[in-house]
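Below is one structure, written out as structure tokens, with a few remarks after it.
In this note's numbering, the protein residues as written are 197 to 854.
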């Protein structure tokens, strides 16, 4: 048991009470995520609860007609997360006692609250009197017995069963019978912690996200032992705090971390395998998925040692290979390269605690490529769909002469007309002048035969995602295109080398994976095969600069960077619903509010198309032979039923038909 003989002090340093027992505060947060967009409304927990471990009362908060009875709160552990939770509570009118074994840590917590509220006054978010009231509601102690009068105790100690059990056993002899005990764990079993308590029905999980004052999401975690009344009371409190509570059951990582940490772990493994550079992995996920941070930068922010600890705890509970920490996480942790806080992790930083990345031996060198690229003046785009039209528009805007060819003149003209409408919208929005739009459209020639590609320097295919169709097209391009022309495929999941082998010049073939909508999305994945010539690679990189796209390099394997990291995450979200663990709405809210994702996984799946998603997941499963990548049966059933997402009016959700 941790003990201290340090006296209790308030924020002015006055001695309050006697010494006692408490747990050591975490030096680093249990979870640190990039902030997401603030919510425009307050949601109550979904009532679509799984019957095998929830009761309807667990997912339904108490009536919000009167203030929550939880007026006095003890926060055990005053690290980054504990301090943030304290600020949320005091600003919402709660009296808070912060308890930590270290008087120095407690003093830092007080100083942090003083600094944060001072900034709020400067920004006009608090008056000086309100600030004084907030500070007056907070006192600190090194004595766990100071929690005796609390209505709610929130434990945010390190992710260790031993430490948390120690705290809960001590609290059993201190708090009142009706006091609710909440653990802030994001990976350990709430049930296991509750079972060791004298009153397991009052123990639950209350998982805030860091920084707690900014992040809207709170996961309210019920064990099979938790009383519905306790869940309802804490849920109402979360709503009064301005948070969006999501009711979840007790499983490793809950919703947000259960999905997030598997994705982060895969990104670390991808980097460790030298499939792509750290810069390209992070840029791909930021630009391809709209995430606020790349996965490796986020791991540095969370703390690589913290991420490793969380993953180890999750793996111990789930035995899912996705949660088995990538070896590089252990290597960096053991070397003390734990991320921003150490000044070095996946990246190097200006100083420990700094967010400024500095160049190191792994930073790519600026300047022209060693091998010059080939000259490109004209571009051929094969296809008549949305992607083909968007790519043709991108090249024409950049000044290239473009031949847009389809299987018939009519299809090609329809595709060109689609580009005209897109350009007109840009003019209406003030993004393009009418003259520039007209010039762009004039650079595009519609053709009903691929013979029109005879003089192009770069041919880009954007036809159906079917290997046989693409191979037939590449065989045709091989015959039509002049010697030295670069042949590119926009496939998102098929092997580029299989397209290359359909030609007599596989060294001229490369992948250029654009993202939809091509005019708006800045990312292009440049995919080299083992046969691609160096000057072909240089050519495509130079073209990407001219068309104002950010190119990332990757090898020729299923999913490349973005889809290889994105679709296992989406598949795991589907499995959560399939297993009745959480609702669509709660999972989407958790990832938007807790992870900063621009769209929830089910919103994204319905936009991408369930049939497209299933096809990509099948390719990933076939290539990597990992049972965890097998498509969720629920996805297969929806596709078989014709529920393909927005394009059919129904996917995971129903949509109004236009």
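Think of the CB as a built atom: it goes at the ideal place given N, C-alpha and C, for glycine as much as any other residue.
Residue 312 - containing beta strand (DSSP E), residue span: Taking the first residue of the chain shown as position 1, residue 312 is located at position 116. Run containing residue 312: none in the beta strand (DSSP E); it sits in the alpha helix (DSSP H), 299-318.
Measure the Cβ-Cβ separation of residue 783 and residue 796 and say whether it is below 8 Å. Locating residue 783 in the chain shown gives position 587, counting from the first residue. Locating residue 796 in the chain shown gives position 600, counting from the first residue. Taking C-beta atoms as the reference points, residue 783 and residue 796 count as a pair closer than 8 Å.
Given this structure, state the Cα-to-Cα distance separating residue 844 from residue 837, to the nearest angstrom. By one-based count along the chain shown, residue 844 stands at place 648. By one-based count along the chain shown, residue 837 stands at place 641. The straight-line gap from Cα to Cα measures roughly 11 Å.
Taking only runs that begin and end inside the region 574-647, name each unbroken alpha helix (DSSP H) of 4 or more residues, in chain order. With a minimum length of 4 residues, the unbroken runs of alpha helix (DSSP H) contained wholly in the region 574-647 fall at 582-593, 605-624 and 630-638.
Nearest residue (CA-CA) to residue 331, options 304, 287, 374 and 463: Taking the chain shown and counting its residues from 1, the one referred to as residue 331 is at position 135. For residue 331, the closest alpha carbon among the candidates 304, 287, 374 and 463 is that of 287.
Residue from 649, 799, 708 and 781 with nearest C-alpha to residue 755: As a first step, residue 755 is located in the chain shown; it is residue number 559 there, counting from the start. Measuring from the Cα of residue 755, the nearest candidate turns out to be 708.
Cβ contact check for the region 272-280 and the region 304-314: 3 or more pairs under 8 Å: At 8 Å Cβ cutoff, the stretches touch.
Let me know if residue 850 comes out buried or exposed under the rule of 16 or more other beta-carbons within 10 Å of its beta-carbon. Translated into positions along the chain shown, residue 850 becomes position 654. Result: exposed.
Enumerate, from N- to C-terminal direction, the unbroken alpha helix (DSSP H) stretches of 4 or more residues contained entirely within the region 402-469. Here the runs fully enclosed are 424-436 and 452-468.
Roughly how many angstroms separate the alpha carbons of residue 293 and residue 352, rounded to a whole number? Here the question's residue 293 lines up with position 97 in the chain shown. Here the question's residue 352 lines up with position 156 in the chain shown. One alpha carbon belongs to residue 293, the other to residue 352, and they sit about 13 Å apart.
Identify whether residue 327 lies in helix, strand or coil by the three-state DSSP scheme. To locate residue 327, count along the chain shown from 1; it is residue 131. Three-state result, residue 327: helix.
Identify the residues that DSSP records as bridge partners of residue 721: which are they? Taking the chain shown and counting its residues from 1, the one referred to as residue 721 is at position 525. Partner(s): 709 and 748.
How big is the Cα-Cα spacing for residue 349 and residue 382? Taking the first residue of the chain shown as 1, we reach residue 349 at position 153. Taking the first residue of the chain shown as 1, we reach residue 382 at position 186. For residue 349 and residue 382, the gap between their C-alpha atoms comes out near 17 Å.
Pairing CB atoms from the region 446-459 with CB atoms from the region 760-778, are three or more of them under 8 Å? Yes, they touch.
Reduced DSSP category for residue 540 - H, G, I as helix; E, B as strand; rest coil: On the chain shown, position 344 is the one that residue 540 refers to. Residue 540 falls in the strand class under three-state DSSP.
Leaving out the 5 sequence neighbours to the left and right, which residues in its chain are closer than 7 Å to residue 827 when beta-carbon positions are compared? Within the chain shown, the letter at position 631 stands for residue 827. Cβ neighbours of residue 827 beyond the five flanking positions: 767, 810, 813, 814 and 817.
C-alpha distance - residue 799 paired with residue 679, whole-angstrom precision: Residue 799 sits at position 603 when you count from the first residue of the chain shown. Residue 679 sits at position 483 when you count from the first residue of the chain shown. Approximately 45 Å, taken between the alpha carbons.
Buried or exposed: which applies to residue 666, given that a residue is buried once 16 or more other Cβ atoms fall within 10 Å of its Cβ? If you number the chain shown from 1, residue 666 lands on position 470. With a threshold of 16 other beta carbon atoms within 10 Å, residue 666 meets it and is buried.
Residue ranges of each alpha helix (DSSP H) run of no fewer than 4 residues wholly in the region 510-560, ordered along the chain? Runs found: 523-530.
Alpha carbon to alpha carbon, how far is residue 753 from residue 500? Indexing the chain shown from 1 puts residue 753 at position 557. Indexing the chain shown from 1 puts residue 500 at position 304. Spanning the two alpha carbons is a distance of roughly 27 Å.
Based on the DSSP output, what are the partners of residue 377 in its beta bridges? Position 181 of the chain shown, counted from the start, is the residue given in the question as residue 377. According to DSSP, which records beta bridges pairwise, residue 377 is partnered with 349 and 399.
For residue 682, the first and last residue of its enclosing beta strand (DSSP E): Counting from one through the chain shown, the residue named residue 682 turns up at place 486. From DSSP, the beta strand (DSSP E) with residue 682 extends over 682-685.
Taking the beta carbon of residue 509 as the centre, do at least 16 other beta carbons fall within 10 Å, making it buried, or is it exposed? As a first step, residue 509 must be located in the chain shown, where it is residue number 313. Classification for residue 509: buried.
Using CA atoms only, rank isn't needed, just tell me which of 778, 571 and 759 is closest to residue 804. Start at 1 with the first residue of the chain shown, and residue 804 comes out as number 608. Comparing Cα-Cα distances from residue 804 to each of 778, 571 and 759, the minimum goes to 759.
Apart from the five residues just before and just after residue 251, which ones in its own chain have a Cβ nearer than 6 Å to its Cβ? Here residue 251 refers to the residue found at position 55 when the chain shown is read from its first residue. Residue confidence is low: residue 251 scores 33 on pLDDT, short of 50, so the model does not pin down where it sits. No coordinate-derived value is stated.
Is residue 296 helix, strand or coil by DSSP? Working through the chain shown from its first residue, we reach residue 296 at position 100. Note: residue 296 maps to coil in three-state DSSP.
Going by the CB atoms, is the gap between residue 639 and residue 592 shorter than 8 Å? On the chain shown, residue 592 is found 396 positions in, with the first residue counted as 1. On the chain shown, residue 639 is found 443 positions in, with the first residue counted as 1. Going by C-beta atoms, residue 592 is nearer than 8 Å to residue 639.
Counting C-beta neighbours from all protein chains within 10 Å, is the total for residue 561 16 or more, i.e. buried, or is it exposed? As a working note, residue 561 is residue 365 in the chain shown. Classification for residue 561: exposed.
Contacts around residue 548, its chain only, beta-carbon distance under 7 Å, and the 5 residues preceding and following it disregarded: Position 352 of the chain shown holds residue 548. 537, 538 and 539, listed in sequence order.
First through last residue of the beta strand (DSSP E) which encompasses residue 754: Counted from its first residue, the chain shown places residue 754 at position 558. Premise fails: residue 754 is in no beta strand (DSSP E) and is neither H nor E.
With distances taken from CA atoms, which of 496, 642 and 458 is nearest residue 517? Residue 517 sits at position 321 when you count from the first residue of the chain shown. The shortest C-alpha separation from residue 517 is found at 458.
Since residue 651 and residue 574 are thought to touch, with beta carbons under 8 Å apart, how far apart are those beta carbons, to the nearest angstrom? Locating residue 651 in the chain shown gives position 455, where the first residue counts as 1. Locating residue 574 in the chain shown gives position 378, where the first residue counts as 1. A Cβ-Cβ separation of about 7 Å places residue 651 in contact with residue 574 under the 8 Å criterion.
Is the region 735-754 touching the region 401-410 in the sense that three or more CB pairs, one from each, lie closer than 8 Å? Judged by Cβ distances under 8 Å, the region 401-410 makes no contact with the region 735-754, as fewer than three pairs qualify.
Give me the Cβ distance between residue 343 and residue 367, rounded to the nearest whole Å; I'm assuming they're in contact under 8 Å. Looking up residue 343 in the chain shown gives position 147. Looking up residue 367 in the chain shown gives position 171. About 6 Å separates the CB atoms of residue 343 and residue 367; that is less than 8 Å, so the two are in contact.
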